[in-house]
Amino acid sequence: MSAYRIGNGRLGEAEFIFTFDGHKMTARAGDTVASALLANGVEVIGRSFKYHRPRGVTSSGPEETGALVTLGSGARLEPNVRATMEPVSEGLEVFSQNCWPTPTFDLWSVNSLVSGLLPGSLLSAGFYYKSFMWPAAFWHRLYEPAIRRAAGMAKPPREADPDLYDRINSFCDIAVVGGGAAGLSAALSSAQSGLRVILFEENSDLGGQLLNEPPDAINGDLEQWRKSAVVSLMAAPNVTILTRTICWGCFDGNTLAAHECIDGKVRQNYHKVHAGKIIIAAGAIERPMVFANNDKPGVMLAASARRMLNHYGIAAGHTLVVFTNNNSAYQTAFDYRAHGISTLVVDSRCKPPAKLVAACAKQGIQLQTGGVVIQARGWHGVRKVVLADLSSDGKSMTRKRVVACDLLAHSGGWTPQVQMAAHGGMVPIYNQKITAFLVDKLPNDTWSVGAAEGENSLYAGIQQALTAARLACDELGQTAGEIVLPPRDLDGELNIEPLWRVPAAGKQMVDIQHDVTTDDIMQAHLEGYVSVEHLKRYTTLGMANDQGRTANVNALAIMAQCRNQTIQDTGTTRFRPPIAPVTMGAFVGRAVGEYFQPVRRTPMQAWHERFGAVFVNVGLYRRPQYYPRVGETLDDAYKRETTHVRQKVGICDITFLGKIEVVGPDAAVFLDRIYINMLSTLPVNKARYGIMLREDGFVYDDGTTTRLAEDRYFMTTTTAKASSVLAHLERCLEIEWPELKVRVSSVSEHWAAMSVAGPASRNTLQNAFEDIDFASEALPFMGVVHGQYKNIILRILRISFSGEIAYEIYVGADHGETIWERIMEAGAKFNIIPYGLESLGALRIEKGHVTGSELDGRVTLGDVNLEAMASRKKWFVGQNLMQRPGLKNPNRPRLVGLRSVDPKVPIATGSILVTDANTEARANSEGWVSSMTYSPELDSFIALGFLCNGLNRYGEVIYAAYPVKRRIVAVEVVSNHFVDRQNQRVKG
Amino acid sequence: MREHTEFTYGEDANRQKPEIDAPIEDWNTYIYERDNVAGYHMEYWHHAFGCRAWIKVKRDTQTHAILWVGLPQENPEIAL
Ligand SMILES: [Zn+2]
């Protein structure tokens, strides 16, 4: 094909410059990248996905299968853009893709020649699946690198996307999806009711197939109607028109998702549209004919070739052959012929309608009925086609001959765009008359009209639209208005006689963009693929960015022929959103970088930052991991901090803990049911460690609960479970025991919390808060005291996570930093330091306390050696199923300590515990390692883990295997209480 | 009318909790056995990003249409 500008179409006359692979080219306002490239005579635009076949423009719309380009460069590079959908702007950089060194001379096209020779036919159907069955060494070294380089789309940008995207919640009474004649009519009529209407159109221009009609003064009567419809809608204050906006999904509650391209300060918008009623006028997509080399540049869908001519003023070739099985493509022949272009129509039907035959004769168009195009020929584009006569049974061909042409416009029928209608889960049904699928039972509040409903005639489609608008407005209590009809009808009768494929050999593309051929489908059939869902995945049909819009029906029909069944029985794959590519940035909106998610800060965050803490993300919190001194690594710092706490004193921010107040006359009864141990016997101003189970008997969470008054408890939870424990308590109160007079409330944000631990912690606090008595008699282990510092109320719990004497100080969030600084100041003479999460972990592992690493939802009380804590005097959540025989099995892995036999060798968390170093670890697992640290106290790496029959195996040497990294470490089984087994220090 | 994203699915509301001293088999049934209903289903939802109430909802699992909403102890007056 060598296309050229032949007129103005609907474009402006002013020209500007853009580049294609660095070459300067001219375009006009209103051109798409595709039309501009055609106008500049560009034939080959890129190379195909698998076989690197030359590809050019195949359509003029969203169904484009050939002209994929890369736009821009650097961080703004955008790959795989459909050239038919992208307006050209001045200075736009357009690049060909998937070819090297140039689209016309591409070295990778060797793929095309070797396919079929290599084992399993290198890139034929199922190549991914079969490739994995080749010897593994071959795969890594040979096949994978080759396939990766050769098959694939363009390269993505390397840099972060610098553009802005917005997410918008939009609301309307009536959403009209599609701005063709039917959509415009539905919107015009609905708008007169005064209801809020949003009209979505994927293209830049409204009009749909009306844009294929000539706009000139002589034949432009329909253009006048289109223009005045657009003007009326733009003038209506209650109508929002969104062009370049694809509605890509329809969800529950009449919610639509739409993606709008703006290319302004904000590049794209993601609209979540809440609609009262939905009118789908999404139109239909023309199908290709399936013959050999139907993907060659110069082979174009017939209506698209017509739009190029009438809308963009581009003749897509000098000599035209039209190949069709229905009436619609004749319009393309008529219009090209009217521009003096030599035209031959090859119609596979033996008897096309007489009026079309007569019109051809009148216009000097050659007509070949009962004929087919077997093959397109030409190196980079079509130069010749091979024709033949089709036998009356459609199975054989005679009288083959070659005809010269550089444009082959084809039409295999029309496929209504039913995706949106089908998203509600409705199953499309095959319709014999229109030879395509339709959704016959639409969801409530939804109508489908016009070509999307299989109605191709202009007036009939508009009548459907008006009926839908009237019903939609009625149901909303308003009245739709009358509209002026177009001056004449367009007959949409297709008289289609399906020819699903030309019965001849050669590369017949079904899914052109993904290089899926009829041979691939037949191969999948021969290999036993029966379900269309499997066919799709095995051949990758319909999985490119056009989502198989042109391919779907042809593929199903060919599958049905192979299986000798009807198309309805073959069925269609399920339509899932999105129906078109959506930029990731549009989903993300402004939530990038530091705005990705909110950051939770503790009241002491600024202090940590000033003190040079290194942070680690824990949920939404950024917790201080360690406070490095000059030159220290993480390892240096946490070992120093851990040692310091054991020897002197340290302070740690523990605001991250979940905090819940439980209040009411039945609070004690309630907590007795929630926890395995008794909380009702807890005296006021005492704290108690508690464990709760899930209903299934596994450990749920642990923490400390303090009794503040007879009817008031203060509960802490682990950081990770804070919100789910609150929901659990609320559930129990509202669903299980509504009779209990108890209220629960999260106070996590209200209290700053810090732990002061170490032998000098008492002296530090006594020095900081002179009015409070910290002596053991006044504040014993597990005791609680309330006090003040300069009118700031303090709640101090003497509890320990590290095994040293320790206190938790709770203070109103506003005063957190004041109190922290006061403790640092008062502790200076005792050498107080802040310590982070890493040494908090080291201290608790040394002490053998469990956290989320151990309480992972799969362990029982017995597994963590805490079954004795469960009260026998009461019922509690989880009590029944914790008694299951399986959970009582004495051979279950139990919590143990592990110590490296060579103290300098770390034990990887997640290792598998085995008795014999020479066995295959996974098959002989006797347990696992849940957490590990270096212990300064023991001068050795230590770990916590779960080991079968572990309590009876102290002293045994076993192995911690880490097969992923082929590491195996000898470890001695010991008690999980590495430090101070008698628990004397905390009571000092 | 509230956004559905404020709510979190809780559990099947048809389950009958056994007596505390019921046999373990009954508890096993209560915890592990569910009907996977295609159609209307009574369930508990939590207004987690709202007033934090637990509510009972009769919902069509195929269309997500909601037929009835009440407090946990309430039931529809007529058989729906
Ligand atoms: Zn609520």
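In order, the protein sequences belong to chains A and B.
Mapped onto my numbering, the consecutive letters of the first sequence carry residue numbers 799 to 1786.
Mapped onto my numbering, the consecutive letters of the second sequence carry residue numbers 2 to 81.
Every residue gets a Cβ at the ideal spot worked out from N, C-alpha and C, and that includes glycine.
is_contact[residue 77(B), chain C] using C-beta, thresh 9 angstroms: Protein chains in the displayed structure are A and B, and chain C is not among them.
Candidates 39(B), 12(B), 7(B), of which the one nearest residue 66(B) by Cα: The count along the second sequence starts at 1 and reaches residue 66(B) at position 65. Checked all of 39(B), 12(B), 7(B); the closest Cα to residue 66(B) is 39(B).
Close Cβ partners of residue 1766(A) (< 6 angstroms) along its chain, the five nearest in sequence each way excluded: Your numbering for residue 1766(A) matches position 968 in the first sequence. Around residue 1766(A): 1715, 1757, 1759.
Simplified DSSP assignment, three categories, for residue 1047(A): Residue 1047(A) sits at position 249 when you count from the first residue of the first sequence. Residue 1047(A) falls in the strand class under three-state DSSP.
Residue range of the unbroken beta strand (DSSP E) whose run includes residue 1540(A): In the first sequence, the residue the question calls residue 1540(A) occupies position 742. It is not in any beta strand (DSSP E) - residue 1540(A) carries neither H nor E in the DSSP assignment.
Boundaries (first-last residue) of the alpha helix (DSSP H) holding residue 1552(A): Translated into positions along the first sequence, residue 1552(A) becomes position 754. Careful: residue 1552(A) lies outside any alpha helix (DSSP H), inside the beta strand (DSSP E) at 1549-1555.
Residue 1057(A) and residue 1376(A) closer than 9 angstroms at C-beta: Position 259 of the first sequence holds residue 1057(A). Position 578 of the first sequence holds residue 1376(A). Contact: yes.
Contact list for the region 41-61 of chain B against chain A, Cβ threshold 8 angstroms: 45, 47, 49, 53, 54, 55
C-beta atoms of residue 1303(A) and residue 1090(A) nearer than 9 angstroms: One-based indexing of the first sequence puts residue 1303(A) at position 505. One-based indexing of the first sequence puts residue 1090(A) at position 292. For residue 1303(A) and residue 1090(A), yes; Cβs fall inside 9 angstroms.
Complete beta strand (DSSP E) runs within the region 1296-1381 of chain A (minimum length 3 residues, chain order): 1307-1309
Distance between residue 1605(A) and residue 1522(A) (C-alpha atoms, nearest Å): Here residue 1522(A) corresponds to residue number 724 of the first sequence, with the count starting at 1. Here residue 1605(A) corresponds to residue number 807 of the first sequence, with the count starting at 1. Whole-angstrom Cα-Cα distance: 27 angstroms.
Coarse secondary structure for residue 929(A), derived from DSSP in three states: Mapped onto the first sequence, residue 929(A) falls at position 131. Reliability of the predicted coordinates at residue 929(A) is poor, the pLDDT of 47 falling under 50, and the value obtained from them is presented with this limitation in mind. Reduced to three states, the DSSP call for residue 929(A) is helix.
Buried or exposed by the 16-neighbour rule on C-beta atoms within 10 Å, applied to residue 954(A): Working through the first sequence from its first residue, we reach residue 954(A) at position 156. With fewer than 16 Cβ atoms within 10 Å of its Cβ, residue 954(A) is classed as exposed.
Within chain B, the residues that residue 1245(A) reaches when beta carbons sit closer than 7 angstroms: Here residue 1245(A) corresponds to residue number 447 of the first sequence, with the count starting at 1. The premise fails here: residue 1245(A) is roughly 18 angstroms from chain B at the closest Cβ pair, so nothing lies under 7 angstroms.
By C-beta, the residues closer than 5 angstroms to any heavy atom of ligand 1, given in chain order: 48(B), 51(B), 52(B), 54(B)
When 1244(A), 1248(A), 1293(A) are compared against residue 1273(A), the one with the closest alpha-carbon: In the first sequence, counting from the first residue as 1, residue 1273(A) sits at position 475. Minimum Cα distance to residue 1273(A) is reached at 1244(A).
7 angstroms Cβ cut-off: residues of chain A touching residue 74(B): Position 73 of the second sequence holds residue 74(B). Neighbours of residue 74(B) on chain A, chain order: 1536.
Exposure of residue 1496(A), with buried meaning 16 or more beta-carbon neighbours within 10 Å: Taking the first residue of the first sequence as 1, we reach residue 1496(A) at position 698. The residue is buried, with at least 16 neighbouring Cβ atoms inside 10 Å.
Cα-Cα separation, residue 915(A) to residue 1221(A): Indexing the first sequence from 1 puts residue 915(A) at position 117. Indexing the first sequence from 1 puts residue 1221(A) at position 423. Residue placement at residue 915(A) is poorly supported in this model, since its pLDDT is 41, which falls under 50; the coordinates still yield a value, given next. Approximately 41 angstroms, taken between the alpha carbons.
The region 1194-1214 of chain A touching the region 1089-1106 of chain A, judged by at least three CB pairs closer than 8 angstroms: yes
The region 1419-1429 of chain A / the region 1487-1506 of chain A touching (three or more Cβ pairs under 8 angstroms): no
Bridge-paired residues (DSSP) for residue 1069(A): On the first sequence, residue 1069(A) is found 271 positions in, with the first residue counted as 1. Paired residues: 966(A), 1056(A).
Outcome for residue 1344(A) when other beta-carbon atoms lying within 10 angstroms are tallied against a minimum of 16: For this step, residue 1344(A) is matched to residue 546 along the first sequence. So residue 1344(A) ends up on the buried side.
Within-9 angstroms CB hit, residue 1052(A) to chain B: Taking the first sequence and counting its residues from 1, one reaches residue 1052(A) at position 254. For residue 1052(A), the answer is no, since every Cβ of chain B falls outside 9 angstroms of its Cβ.
Touch test, the region 1727-1746 of chain A against the region 1672-1687 of chain A, Cβ-Cβ under 8 angstroms, three pairs minimum: no
Exposed unless 16 or more other CB atoms sit within 10 angstroms - verdict on residue 21(B): Within the second sequence, residue 21(B) is the residue found at index 20, counting from 1. Residue 21(B) is exposed by the Cβ-count criterion.
Neighbour list for residue 1493(A) in chain B, Cβ cutoff strictly below 7 angstroms: If you number the first sequence from 1, residue 1493(A) lands on position 695. Near residue 1493(A) (Cβ distances below 7 angstroms), the residues of chain B are 32.
Interface flag, residue 23(B) vs chain A, CB-CB below 9 angstroms: The residue you call residue 23(B) lines up with position 22 of the second sequence. Cβ-Cβ to chain A under 9 angstroms: yes for residue 23(B).
Residue 980(A) and residue 1173(A) closer than 9 angstroms at C-beta: Position 182 of the first sequence, counting from 1, holds the residue named residue 980(A). Position 375 of the first sequence, counting from 1, holds the residue named residue 1173(A). Against a cut-off of 9 angstroms, the Cβ pair of residue 1173(A) and residue 980(A) comes out as no contact.
Selection of the region 1349-1361 of chain A by Cβ proximity to chain B, strictly under 7 angstroms: none
Spatial distance of residue 1553(A) from residue 1415(A) (CA atoms): Residue numbering aside, residue 1553(A) sits at position 755 when the first sequence is read from its first letter. Residue numbering aside, residue 1415(A) sits at position 617 when the first sequence is read from its first letter. Approximately 20 angstroms, taken between the alpha carbons.
Inter-residue Cα distance where the pair is residue 1471(A) and residue 1563(A): On the first sequence, residue 1471(A) is found 673 positions in, with the first residue counted as 1. On the first sequence, residue 1563(A) is found 765 positions in, with the first residue counted as 1. When rounded, the distance between both Cα atoms is 36 angstroms.
Minimum C-alpha distance to residue 889(A) - residue among 1315(A), 861(A), 825(A): In the first sequence, counting from the first residue as 1, residue 889(A) sits at position 91. When each option's Cα is compared against that of residue 889(A), the closest is 825(A).
Near-chain B residues of the region 1519-1530 of chain A (beta-carbon distance less than 9 angstroms), N- to C-terminal order: 1521, 1524, 1525, 1528, 1529
DSSP-derived helix/strand/coil call for residue 7(B): Translated into positions along the second sequence, residue 7(B) becomes position 6. Residue state, collapsed to three classes: helix.
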